[in-house]
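Numbering (UniProt numbering), first residue to last: 1 to 173.
For each residue, glycine too, the CB sits at the ideal point set by N, CA and C.
Take a look at the structure set out below.
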């Protein structure tokens, strides 16, 4: 079935080719703006290779073959690999090599095992490997205190999952 039961594939597809959504925000208006995918006019083809937490090699390699036959230009694979570095036993590396031989760009997830040394997956030299960063986010808000005093507050969310709050008063007593 092509249904995406946990939403991961749908999320990844919308990141690549989602249309513009105006007035999107993180939480209750914070960081408001327009969200869009990398290429709004892209057409996507989706090949399901995992079911119930299992992603058999034969389904993965079959999806590469189907994508090549369908004439796609880019393959984006959001799966980690257990055989990183062993390119002759890694179905993702083998399928990606086959696709690259046909002129298709292959982009793969770096995995979820870091950030420790040697934890990246999909490290074959013919794959573009991508991953999340640890760039901190900050959100600004005004808090109205008794007596009409306004305090500007900045919330910083760090990669260590700590929340830092910095506040400024317009005047000090």
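Cβ neighbour criterion (16 or more within 10 Å) applied to residue i
i, result
"residue 7", "exposed"
"residue 121", "buried"
"residue 90", "buried"
"residue 10", "exposed"
"residue 31", "exposed"
"residue 95", "buried"
"residue 88", "exposed"
"residue 85", "exposed"
"residue 5", "exposed"
"residue 148", "exposed"
"residue 103", "exposed"
"residue 99", "buried"
Rounded C-alpha distance that separates residue i from residue j
i, j, result
"residue 43", "residue 75", "12 angstroms"
"residue 19", "residue 55", "29 angstroms"
"residue 13", "residue 150", "42 angstroms"
"residue 173", "residue 145", "Confidence is the limiting factor: at residue 173 the pLDDT is only 45, short of 50, which leaves the residue's position unreliable, though a coordinate-based value still follows. Taking the straight line from one Cα to the other gives about 15 angstroms."
"residue 170", "residue 26", "Model confidence at residue 170 stands at a pLDDT of 49, short of 50, so the residue's coordinates are unreliable; what they give is reported in the following sentence. Roughly 27 angstroms between the two C-alpha positions."
"residue 127", "residue 81", "12 angstroms"
"residue 77", "residue 143", "44 angstroms"
"residue 123", "residue 35", "30 angstroms"
"residue 140", "residue 23", "17 angstroms"
"residue 125", "residue 28", "42 angstroms"
"residue 107", "residue 152", "42 angstroms"
"residue 101", "residue 112", "28 angstroms"
"residue 37", "residue 15", "5 angstroms"
"residue 39", "residue 93", "25 angstroms"
"residue 72", "residue 131", "23 angstroms"
"residue 97", "residue 21", "35 angstroms"
Residues bridged to residue i [DSSP beta-bridge criterion]
i, result
"residue 142", "152"
"residue 24", "33"
"residue 105", "74"
"residue 54", "51"
"residue 128", "107"
Residue interval of the alpha helix (DSSP H) (run including residue i)
i, result
"residue 9", "8-17"
"residue 94", "91-101"
The beta strand (DSSP E) enclosing residue i, as first and last residue numbers
i, result
"residue 77", "74-77"
"residue 119", "That residue, residue 119, is in no beta strand (DSSP E); it is neither H nor E in DSSP."
Test: residue i CB closer than 9 angstroms to a CB of chain C
i, result
"residue 28", "Within the model displayed, chain C is absent; a lone protein chain is all it includes."
Any contact of the segment 66-74 with the segment 49-56, i.e. 3+ C-beta pairs under 8 angstroms? Output reads no: the segment 49-56 does not touch the segment 66-74.
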